[in-house]
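This report refers to the structure that appears directly beneath it.
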Amino acid sequence: MATRAMFFKRADQPAVPVGGETWTSGPDSSKLRPLPSEDVYFFIKKIDNSRVAREADPAARRRAWQAGLKGVAVAGLLILLLMPRALDMVAGYRIHALAAEHDRLVTQKAVIALEEAQLESPARLQQLAGQLRLVNPDPRHVVMLNSAKTDSALAMNVTR
Amino acid sequence: MLWWGRRAKDDRVRERAHPTTRLVWLVVIAFLWAVAVFLRLVQLQVVSHKTYKELADHQQNHTFRVDAPRGCVFDREGHVLAMSVPADSVSIDPMLVPDRPLAASILARALGVDRDDLLARMDSAVEEHRRALEQKRKPKGTGFLWVKRKIAPAEAEALRSLKLDWVEFQKEPHRYYPDGPLASHVVGTVDFQERGNLGLEQRLDQELNGRPGRVSMLTDVLGRPIDSTVSAEAEAGKNITLSIDESIQFVAERELRAACEFYHAASGSTVVMEPHTGEILAMASYPVFDPNQPPGPEEASSARFDYPVSVAFEPGSVFKIVTLTAALETTSLRPETPINCGNGTINLFGRVIHESHHGWGTIPMADVLAHSSNIGAIQIGLKVGEKNLLDYVHKFGFGRTTGIPLPAESSGMVRDLKHWGKTSIGSVAMGHEVSATALQLAQACSVIANGGVLVKPRLILKRQRPGGKVESEPAPAPQRVLKPETAITMRQMMEGVVLRGTGKAARLAGYTSGGKTGSAQIFDLTTKHYTHLYNGSFVGFAPVTNPAVVIAVTLNGVKMFGGVVAAPVFKNVATETLRLLAVPKDIPEIEPPPLTDPQEANDLSIADMSAPPEDLVQLPAPPAVSPTPAPAPAAPQVVSPSVVAVFGPSAPSFEGKTVRAVIEQSLAMGVPVEVVGSGIARQQAPPPGSPLNPGEKVRVLFQ
Chain A
135 MATRAMFFKR ADQPAVPVGG ETWTSGPDSS KLRPLPSEDV YFFIKKIDNS RVAREADPAA
195 RRRAWQAGLK GVAVAGLLIL LLMPRALDMV AGYRIHALAA EHDRLVTQKA VIALEEAQLE
255 SPARLQQLAG QLRLVNPDPR HVVMLNSAKT DSALAMNVTR
Chain B
70 MLWWGRRAKD DRVRERAHPT TRLVWLVVIA FLWAVAVFLR LVQLQVVSHK TYKELADHQQ
130 NHTFRVDAPR GCVFDREGHV LAMSVPADSV SIDPMLVPDR PLAASILARA LGVDRDDLLA
190 RMDSAVEEHR RALEQKRKPK GTGFLWVKRK IAPAEAEALR SLKLDWVEFQ KEPHRYYPDG
250 PLASHVVGTV DFQERGNLGL EQRLDQELNG RPGRVSMLTD VLGRPIDSTV SAEAEAGKNI
310 TLSIDESIQF VAERELRAAC EFYHAASGST VVMEPHTGEI LAMASYPVFD PNQPPGPEEA
370 SSARFDYPVS VAFEPGSVFK IVTLTAALET TSLRPETPIN CGNGTINLFG RVIHESHHGW
430 GTIPMADVLA HSSNIGAIQI GLKVGEKNLL DYVHKFGFGR TTGIPLPAES SGMVRDLKHW
490 GKTSIGSVAM GHEVSATALQ LAQACSVIAN GGVLVKPRLI LKRQRPGGKV ESEPAPAPQR
550 VLKPETAITM RQMMEGVVLR GTGKAARLAG YTSGGKTGSA QIFDLTTKHY THLYNGSFVG
610 FAPVTNPAVV IAVTLNGVKM FGGVVAAPVF KNVATETLRL LAVPKDIPEI EPPPLTDPQE
670 ANDLSIADMS APPEDLVQLP APPAVSPTPA PAPAAPQVVS PSVVAVFGPS APSFEGKTVR
730 AVIEQSLAMG VPVEVVGSGI ARQQAPPPGS PLNPGEKVRV LFQ
């Protein structure tokens, strides 16, 4: 039993007489100071509960299951109630992110179309042709077929 | 025992009751808590509902104006002539700027704005904010400041890379014209708010603009959108497809500009029209402007005038086609009918009128047109009579607008008979006392080219809203105004103008062509007199048998005849246009001889019924043609079209020379040669003296 009295081996020493001199007032001042409640001793009472049996309660199990199921049902209901809203929010984020992406791509497409138009500008093409020392073909070297869209298209292997 | 048993039972009861009491207390506390929450909710959602709703709406709900993208303008082949692209605009909150002088320096450097001006605006905003707080009033407009709007993408990228958290970017639509000045008078311009203020942009502003929408957006605390409600759907503007052909427009503008610059014309117009449908393939106006740039001090004051549509002028001899058509339809005159041109003099109601050039005796009516005899035209006009002449002037569409969808179209001027003077019949017969636009001249010429049907000019082919169906522009109903045989006769007579008359410079290689030149003195409204400057015009078509294209060219304020200044423009534009339209050639490809004597093109109509001014009879010196092909300049170099046509380089003679001598000579002259064989040059193609096209080689055969 590891009480403090046992630990400090005070059980071997004589008890302080009631009304006697205290450890500070006595002649032997080298004595250890007593611990609080040093004079209180604890005893262990061994109780054997091995033969005690809990009274069977057949309804308790059912109640527990019911309570659990009810909890699950309530949670499920809550989830069911809140899930559409949550999914709606998630979808909202996604839709608007996609819309922003769509707008960005449309803008990018417009910028590219503009850039293409600028690159195909006749003035720029003429400038490039001049730098490359290109000239208009001699009119005598240009053969006009009767129609560029029908027979001539076939002759020139134009598919459209 | 009993006592003990009762006591035990009471203990069990007490033990059982004890947790129930605690539960009751718990329930009571929970209830009170719930009541407190409920009361708080009532206070929040019922009592202070309005206040918190406003706060929540302000924080979470944002209503945006969704701008409808402005429609694009395309040419007939689908090339973009105008389109809107979102551009970044930069703004700041001066209150949030940590160091204003530094911020002004950074922004000035990144965006090219005036630093001091920006700093002054920022300081002013901050000062105003401080004053408002001192006076305990709500500061107005101090938390927002535009720095620069619609900046270039490169500027935006550079500024974003600085990661300045006090700089805000907003998207605003910006109108771009990728071809710059090309067709700028037709397409027009928009102002800063993207409202059309010129050309089609102005006339079709409502259709191009579309309808803006509104969207209410629910955002989270970070400003990310969660949900949105479209209260009004944005309706994009319609895309407009024009009948303009970008390539033909480019050629028309290039040739017109070259001619105007070479002949120092104040302005000029070219209209290229398909005569059967009335589709305008090109409409050029000089001077030009860049619609991407706002009007500046360096821009010519008249640069934004749409000359072919808005500016009417006295057409001069071009108008003789109306006189002669009226004669064919209303009198017994035929092309071969002799007309007495009085050797260049006529007495019209007591007023003696002289021809501007040497007079003609009695010549066929076809030659009156070919040589543009004013006396002959007056004689024919007298035979037609005032009423018939005026009737045919109206039939050709003069005196009223054509209905082309461009703003500020001029109807020209055709006076009623009651306002005609005694000699008006003579003036109108040769194109004075009336005024017309270049577009009206092209429309009138189309009547002859398409067999006698007046077709209204058509500029818009279709409209289409993005994702919507195509709305084809209905063609206006044609109206027959001439007998087909009259139109065919006129075509033949107009071909004579090109073959043997004043319009020789308009002869095409590989195609027949017909037309009429015109040179009309310009009336000075200040001095109330005719000046010595002229409107030189040419109106023609090609090929003669089945005209595919009608072209009207006018140069205003020149000192030369229309046959000299305008006919070469017609020739170059027609050649390119017919090639682009893949029109089959109807005559052998023989380059017509150049015009050598300017008097051959003298068609001056006698505006003030006096002798022609002296300065009309001299041609300016031809421009020096560089002997060696110069390297291409950075900017497009404009070469006078008429230079090539009339004064272009010709093939030198290499015959009898050695290969070395030929090469040296060709290098010196800048004429590329193709050497075939060795020895002495025996033959060459093209032969000596033949005009050379730019870059064309001379093939020399050595034996």
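Chains as they are written, first to last, in my numbering: chain A, 135 to 294; chain B, 70 to 772.
Cβ coordinates follow ideal geometry from the N, Cα and C atoms, glycine included.
Against chain B, the beta carbon of residue 187 of chain A has no neighbour under 9 Å; the closest one sits roughly 17 Å away.
In this structure, the alpha-carbon of residue 140 of chain B lies about 48 Å from that of residue 441 of chain B. Listed along chain A is no residue with a C-beta nearer than 8 Å to that of residue 502 of chain B; the closest approach is about 40 Å. Under the three-state reduction of DSSP output, residue 172 of chain A falls in the coil class, being neither helix nor strand. For residue 211 of chain A and residue 195 of chain A, the gap between their C-alpha atoms comes out near 24 Å.
Excluding the 5 residues flanking it on each side, residue 170 of chain B has same chain C-beta neighbours closer than 8 Å at 188, in chain order.
For a Cβ distance threshold of 8 Å, nothing in chain A lies close to residue 593 of chain B: the least Cβ distance comes to about 36 Å. The beta-bridge partner set that DSSP reports for residue 160 of chain B consists of B:215 and B:237.
When 7 Å is used as the limit between beta carbons, residue 223 of chain A is near these residues of chain B: 295, in chain order.
Residue 188 of chain A sits in coil when the DSSP states are folded into three classes, being neither helix nor strand. Of all residues in the region 191 to 216 of chain A, none has a C-beta nearer than 7 Å to a C-beta of chain B.
Beyond the five residues adjoining it in sequence on each side, residue 658 of chain B comes within less than 6 Å, by CB distance, of 578 and 579 in the same chain, given in chain order. Under the 8 Å criterion on CB atoms, residue 425 of chain B is classed as non-interfacial with respect to chain A.
A residue is called buried when at least 16 other Cβ atoms come within 10 angstroms of its Cβ; residue 189 of chain A does not meet this threshold and is exposed. Contact between the region 528 to 535 of chain B and the region 424 to 431 of chain B is absent, with fewer than three C-beta pairs closer than 8 Å.
Within the region 239 to 257 of chain A, contact with chain B at the beta-carbon level (separation under 9 Å) is assigned to 240, 241, 244, 245, 247, 248, 249, 250, 251, 252, 253, 254, 255, 256 and 257.
A straight line joining the alpha-carbon of residue 163 of chain B with that of residue 217 of chain B spans about 14 Å. Residue 230 of chain A belongs to the set of residues whose beta carbon lies under 8 Å from a beta carbon in chain B. According to the DSSP assignment, residue 200 of chain B belongs to no beta strand (DSSP E) but to the alpha helix (DSSP H) extending over 184 to 203.
If you look at residue 599 of chain B, you'll find it in the beta strand (DSSP E) that goes 598 to 611. Shown here, residue 236 of chain A sits in a helix according to DSSP, grouped into three states. The region 590 to 605 of chain B and the region 545 to 555 of chain B do not touch, with fewer than three beta-carbon pairs separated by less than 8 Å.
Under the rule that a run must span 4 or more residues, the alpha helix (DSSP H) segments found entirely inside the region 117 to 154 of chain B read 118 to 129. The DSSP-derived three-state label of residue 206 of chain B is coil. Taking 8 Å as the upper bound for CB-CB distance, residue 770 of chain B and residue 745 of chain B are in contact here, some 5 Å apart. When the beta-carbon positions are compared, residue 589 of chain B and residue 636 of chain B stay at least 8 Å from each other. Look at residue 249 of chain B: its C-beta is under 8 Å from a C-beta on chain A. About 5 Å separates the beta carbons of residue 526 of chain B and residue 471 of chain B, which is inside the 8 Å limit, making them a contact pair. Where residue 457 of chain B is concerned, the enclosing alpha helix (DSSP H) starts and stops at 455 to 464. By alpha-carbon distance to residue 148 of chain B, the top candidate from B:721, B:309 and B:569 is B:309. Each residue's CA atom was taken as its position, placing residue 660 of chain B and residue 619 of chain B some 21 Å apart. Residues of the region 168 to 185 of chain A with a C-beta less than 8 Å from any C-beta of chain B: none at all. Among the CB atoms of chain A, none fall inside 8 Å of the CB of residue 300 of chain B. Around the beta carbon of residue 164 of chain A, a 10 Å sphere encloses fewer than 16 other beta carbons of the protein chains shown; the residue is thus reported as exposed. For residue 566 of chain B, no chain A residue has a Cβ inside 8 Å of its Cβ, as the nearest lies near 23 Å away. Following the DSSP letters along the chain, one finds residue 247 of chain B in no beta strand (DSSP E), marked with neither H nor E.
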